[in-house]
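In this note's numbering, the protein residues as written are 981 to 1218. A virtual CB, placed ideally from N, CA and C, is assigned to each residue, including glycine. Treat the numbers as computed from the prediction; the structure is a model and nothing was measured.
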Ligand SMILES: C[S@@+](CC[C@H](N)C(=O)[O-])C[C@H]1O[C@@H](n2cnc3c(N)ncnc32)[C@H](O)[C@@H]1O
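Following this line, the structure appears as C-alpha cells:
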C-alpha cells in the first residue's frame, strides 16, 4: 500500500478539485451526483433539526473541508468552529462561510476547554484517520469537549468488519466504533441508512462504464433526491 501523508494528500486533492464538491465528496463522480449525495445528507440533518433548535448552539465541524456543513449550521444561527488539516480547504471554507471560525489543524482538539460544544459534526472524516491511536484520541477528545446531552453526528462507512485496502481510507467495524463511543459515555440514539440508489449507480457504472455520463444526467431529476438516504449515526453524551 502507498504511504498516506494526510496533509499533502488533502492539500493536493482540494487544489485539484478547485474547491468543488467532488474535492471533499466522491472524486469519481461529477457535480450532479455529488450534489445529490450532499442533498441526501442535508435532508437527514434538516429532519433531525426540525425538532431541535440550532439557535446559538456551539457546533464543531470536525474535518470541515470547504465548509459545506459549517454553512448549514451558520444558516441556522449556530456558532460554528470548523477545523481541517488542509489549508486549501479552510481557505475555501472561509470564503463560503465568513461568519464561522476556522482552524487549520489535524483533529488536535486540545485548544478547546471541556464541555464546550453542543454539537460535534464529523462527516466522512474518521475513516481518513488511519492511525488507530489518532482515531481513538479523536473520539476521546470529542467526549471531553462535548457538553452533557450534546450530540455527536457521524457519517462513516459503518462496515461489519474493518476494511483497510487503500492507504487513505480505513473503515472500522461498526461494533468496535460504537463500543468505543459507549465506553466514552455516548449512547447511540438514531441511525439513518445509506444511499440505496448510489450503490446501484456505482455497480452499473462499473459494469457499463460508457453509461456513466448518461446516468449522471438522471441525477437532475428530483425523484433521486427524494429516495436518497445516508448512513448517519447520532450519539448523545450522557
Ligand atoms: C471527505 S472530506 C469531508 C469534508 C466535510 N466534512 C464534508 O463532508 O464536506 C474529508 C476532510 O477531512 C479532512 N481531514 C482528513 N484527515 C484529517 C485529520 N486528521 N484532521 C483534520 N482534518 C482531516 C480533509 O482535509 C478533508 O477536508
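Residue range of the unbroken alpha helix (DSSP H) whose run includes residue i
i: residue 1125; result: 1112-1125
i: residue 1012; result: 1011-1028
i: residue 1194; result: 1192-1198
Beta-carbon gap between residue i and residue j smaller than 8 Å
i: residue 1200; j: residue 1000; result: no
i: residue 1087; j: residue 1042; result: yes
i: residue 1110; j: residue 1148; result: yes
i: residue 1239; j: residue 1092; result: Absent from the structure is residue 1239, since the part of the chain shown begins at 981 and ends at 1218.
i: residue 1107; j: residue 1052; result: no
i: residue 1130; j: residue 1099; result: yes
i: residue 1137; j: residue 1218; result: no
i: residue 1135; j: residue 1021; result: yes
i: residue 1054; j: residue 1079; result: yes
i: residue 993; j: residue 983; result: no
Which listed residue (the options) has its alpha carbon closest to that of residue i
i: residue 1097; options: 981, 1122, 1032; result: 1122
i: residue 1064; options: 1074, 1198, 1156; result: 1074
i: residue 998; options: 1038, 1068, 1054, 1020; result: 1068
i: residue 1077; options: 1099, 1148, 1093, 1047; result: 1047
i: residue 1140; options: 1134, 1130, 1156, 1129; result: 1156
i: residue 1060; options: 1113, 1120, 1070, 1038; result: 1038
i: residue 1127; options: 1040, 1085, 989, 1144; result: 1040
i: residue 1117; options: 1025, 987, 1187, 1089; result: 1089
i: residue 981; options: 1183, 1144, 1181; result: 1144
i: residue 1220; options: 1103, 1112, 1158; result: Given that the chain is displayed from residue 981 to residue 1218, the structure contains no residue 1220 and the question cannot be resolved.
i: residue 1072; options: 995, 1154, 1181, 989; result: 995
i: residue 1153; options: 1112, 985, 1085, 1044; result: 1112
i: residue 991; options: 1036, 1190, 1070; result: 1070
i: residue 1031; options: 1198, 1016, 1056; result: 1056
i: residue 1045; options: 1188, 1198, 986; result: 986
Bounding residues of the beta strand (DSSP E) (the contiguous stretch that carries residue i)
i: residue 998; result: Per DSSP, residue 998 belongs to no beta strand (DSSP E) and is neither H nor E.
i: residue 1211; result: Unbroken run through residue 1211: none, as it is neither H nor E.
Cβ-Cβ separation, residue j to residue i (assumed contact under 8 Å), whole Å
i: residue 1101; j: residue 1029; result: Incorrect: roughly 11 Å between the Cβ atoms, too far for contact.
i: residue 1034; j: residue 1058; result: 5 Å
i: residue 1160; j: residue 1213; result: Actually they do not touch by this definition, with Cβ atoms about 13 Å apart.
i: residue 1211; j: residue 1173; result: 6 Å
i: residue 1094; j: residue 1133; result: Contact flag wrong, Cβ pair sits at about 20 Å.
i: residue 1005; j: residue 1018; result: 7 Å
i: residue 1195; j: residue 1185; result: 6 Å
Cβ-heavy atom distance, residue i to ligand 2, below 7 Å
i: residue 1082; result: Ligand 2 is not among the ligands present in this structure, which contains only ligand 1.
Residue ranges of each beta strand (DSSP E) run of no fewer than 3 residues wholly in the segment 1041-1125, ordered along the chain? Secondary structure within the segment 1041-1125: the beta strand (DSSP E) runs of 3 or more consecutive residues, fully enclosed, are 1059-1064, 1081-1084, 1097-1103 (chain order).
At what residue ranges does the segment 1130-1189 contain a whole run of the alpha helix (DSSP H), taking only runs of 4 or more? DSSP runs (the alpha helix (DSSP H)) wholly in the segment 1130-1189: 1154-1163, 1176-1187.
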